[in-house]
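Q:
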Amino acid sequence: MMPLAFDLFLCGLVLAVAVAAVSGRELFGSIVFFIVYGLLMALAWVRLEAVDVALTEAAIGAGLTGLLLVGASARLRRLQAPEEETGSRKARAATAIACLSIAGLIGAAVLLLDPRAPGLAPMVDCSLAESGVGNPVTAVLLNFRAYDTLLESTVLLVALLGVWSLSDERSWGGHGGLRQYARPGGVLATFGRTLPAIGLIIGVYLVWAGSKQPGGAFQGGTVLAAVWLLMAVAGVADAPRVSNRLLRLGLVAGPALFLAIGMAGAMAGDFLRLPPEHAGNLILLIEAGLTVSVAVTLALLVVGPPQRDLPHGEPS
Amino acid sequence: MSVLDLITILFTGAGTVFFIAGTAGLLRFPDTHSRLHALTKADHLGLGLIAVGLAVQVASPLLALKLLLVWGLAVLAAATTSQLIARVALPPHLERQKENAGQ
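Residue numbers (my numbering), protein chains in the order written: chain E, 1 to 316; chain H, 1 to 103.
1. What would DSSP say about residue 305/E, mapped onto helix, strand or coil?
2. Given this structure, state the Cα-to-Cα distance separating residue 313/E from residue 70/E, to the nearest angstrom.
3. Judging by CA-CA distance, which residue of 175/E, 215/E, 232/E and 151/E is the nearest neighbour of residue 182/E?
4. Please name the residue or residues paired with residue 176/E in a DSSP beta bridge.
5. At least one CB of chain H closer than 8 Å to the CB of residue 296/E: is that the case?
6. For residue 241/E, which residues does DSSP report across the bridge?
7. Listed from N- to C-terminal order along the chain, which residues in the stretch 194-206 of chain E have their beta-carbon within a distance smaller than 8 Å of any beta-carbon of chain B?
8. With burial defined as no fewer than 16 other Cβ atoms inside 10 Å of the residue's Cβ, what is the status of residue 93/H: buried or exposed?
9. Rounded C-beta distance between residue 72/H and residue 41/H? I'm assuming under 8 Å.
10. I'd like to know whether the C-beta of residue 191/E is nearer than 8 Å to at least one C-beta of chain H.
11. Evaluate contact between the stretch 35-48 of chain E and the stretch 9-16 of chain E, counting only Cβ atoms and requiring at least three cross-stretch pairs below 8 Å.
12. Measuring alpha carbon to alpha carbon, tell me which of 261/E, 265/E and 300/E ends up nearest residue 287/E.
13. Please state whether the Cβ-Cβ distance between residue 51/H and residue 70/H is less than 8 Å.
14. Is the shortest distance between the beta-carbon of residue 32/H and the beta-carbons of chain E less than 8 Å?
15. Any residues in the stretch 108-126 of chain E with a beta carbon nearer than 8 Å to a beta carbon of chain H? Which ones, in chain order?
16. Is it the case that the Cβ atoms of residue 26/H and residue 39/H are separated by a distance below 8 Å?
17. Which of helix, strand or coil does DSSP assign to residue 29/E?
18. What residues from chain E crowd round residue 76/H, counting only those whose CB sits closer than 8 Å?
19. Among 301/E, 42/E, 73/E and 307/E, whose alpha-carbon lies nearest the alpha-carbon of residue 226/E?
20. I want to see whether chain H comes within less than 8 Å of residue 188/E, judged by CB atoms only; does it?
21. Looking at the unbroken alpha helix (DSSP H) that takes in residue 319/E, where does it start and where does it end?
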């Protein structure tokens, strides 16, 4: 009885917060509701015992996307853009109807599923021994359906290229435009020196644990990106030039390594097929590369397009 | 009911009281600084009491340590963010003191 009451309460809360995020009059308020929505969704995934999804939702859905939105809203405020209603009443109504129809269709699809149908889980369980890892989610993401993950990691890179292409010609090759507010010796500067030690351990642990327990490159990479961003905001680290060779190497390391191992599989017969005797080590190698790339890409997405060429502090 | 259960009920109960009081303060207090004052009680004491209450229930000492680590990290983050919010919310006539304060 109690768990059901809790689940119903959680569902109601998720819906209420979602409506508040969409219908909010003020931009910043909507963003705050969006972040809360992500955290509640993470809780919902935990209730469904999908801890991997919960970690990703909390790290990327609530944390990183929330940060990107807060950054965008701060940028709008700096540009003093008027916060006006966009689109006509008709266009908004059409959008609302389209969203409700999609939500309805997904809801219907979920309700029509046979709740007792085992799905693909028995198949995964039966081949888990060949996958090289003990966590079925990692086995699916990096072995059985590695194709999807390869494309996902490439999409991230393309997204960053899109952000970079917004820079104007003179700033190209310069530093990212992250503003630093911290006073030397202030609270934020101290925080920026204390937390990274713990954050680094947690980030690397999440990747390492991913082969047996919930975790993996995307969750660990997000934590590492957050650590670096904290250091940047606290004034401990500076945004690198986008022309930095090491930085670019880090960006492509994961997808390139993934692709190379996939091609090696193609030489032996099947694209992206991992030989069972080496699968565990190969997955760990891909995860390590992906972690670096995910961390660098996500951090640079938040930093934004290159804006300044001079080291911070000097007038530009 | 064992002694441990009693400890859990006492501590999580007290923690919940702090969370309710903090939430009431957040909703009812008039300005940012007093609202922060209410909120940090919930974050620090409320969460700490709940963590201790749960820590006596778990099987392994390592898990209990993890719960306390969660509390420690939350305290660190809450203390920092409340300082930052408090600074941003300072009224203009305190701006000059703002430069000197908190070094």
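C-beta: ideal position from N, C-alpha, C; glycine also. Being a predicted model, the structure only gives us computed values, none of them experimental.
A: The relevant details are as follows:
1. Within the first sequence, numbered from 1, the residue matching residue 305/E stands at position 305. If DSSP states are grouped into helix, strand and coil, residue 305/E belongs with coil.
2. Indexing the first sequence from 1 puts residue 313/E at position 313. Indexing the first sequence from 1 puts residue 70/E at position 70. Any reading at residue 313/E is ruled out, since the residue's pLDDT is 45, under 50, leaving its predicted position unreliable.
3. Taking the first sequence and counting its residues from 1, the one referred to as residue 182/E is at position 182. Of 175/E, 215/E, 232/E and 151/E, the residue nearest in Cα terms is 232/E.
4. One-based indexing of the first sequence puts residue 176/E at position 176. BP columns for residue 176/E point to 306/E.
5. Looking up residue 296/E in the first sequence gives position 296. Chain H, which has no Cβ nearer than 8 Å to the Cβ of residue 296/E, makes this no.
6. Position 241 of the first sequence, counting from 1, holds the residue named residue 241/E. For residue 241/E, which the question treats as bridged, DSSP gives the partners 175/E.
7. Protein chains in the displayed structure are E and H, and chain B is not among them.
8. Locating residue 93/H in the second sequence gives position 93, where the first residue counts as 1. By the 10 Å Cβ count, residue 93/H comes out exposed.
9. Taking the first residue of the second sequence as position 1, residue 72/H is located at position 72. Taking the first residue of the second sequence as position 1, residue 41/H is located at position 41. Contact flag wrong, Cβ pair sits at about 17 Å.
10. On the first sequence, position 191 is the one that residue 191/E refers to. Taking Cβ atoms only, chain H reaches closer than 8 Å to residue 191/E, which makes this a yes.
11. yes
12. As a working mapping, residue 287/E is identified with position 287 in the first sequence. Among 261/E, 265/E and 300/E, the Cα nearest to that of residue 287/E belongs to 261/E.
13. Taking the first residue of the second sequence as position 1, residue 51/H is located at position 51. Taking the first residue of the second sequence as position 1, residue 70/H is located at position 70. It is a contact, given that the beta carbons lie within the stated cut-off.
14. Position 32 of the second sequence, counted from the start, is the residue given in the question as residue 32/H. Interface flag for residue 32/H against chain E is unset, since no Cβ pair is found closer than 8 Å.
15. Of all residues in the stretch 108-126 of chain E, none comes within less than 8 Å of chain H when Cβ atoms are compared.
16. In the second sequence, residue 26/H corresponds to position 26, counting from 1. In the second sequence, residue 39/H corresponds to position 39, counting from 1. Contact: yes.
17. As a position in the first sequence, residue 29/E is number 29, starting the count at 1. Three-state result, residue 29/E: helix.
18. Position 76 of the second sequence, counting from 1, holds the residue named residue 76/H. Within 8 Å Cβ-Cβ: 191, 194 and 195.
19. Working through the first sequence from its first residue, we reach residue 226/E at position 226. Of 301/E, 42/E, 73/E and 307/E, the residue nearest in Cα terms is 301/E.
20. Locating residue 188/E in the first sequence gives position 188, counting from the first residue. By this cut-off, residue 188/E is an interface position.
21. Here chain E has residues from 1 to 316 only, and residue 319/E is not among them.
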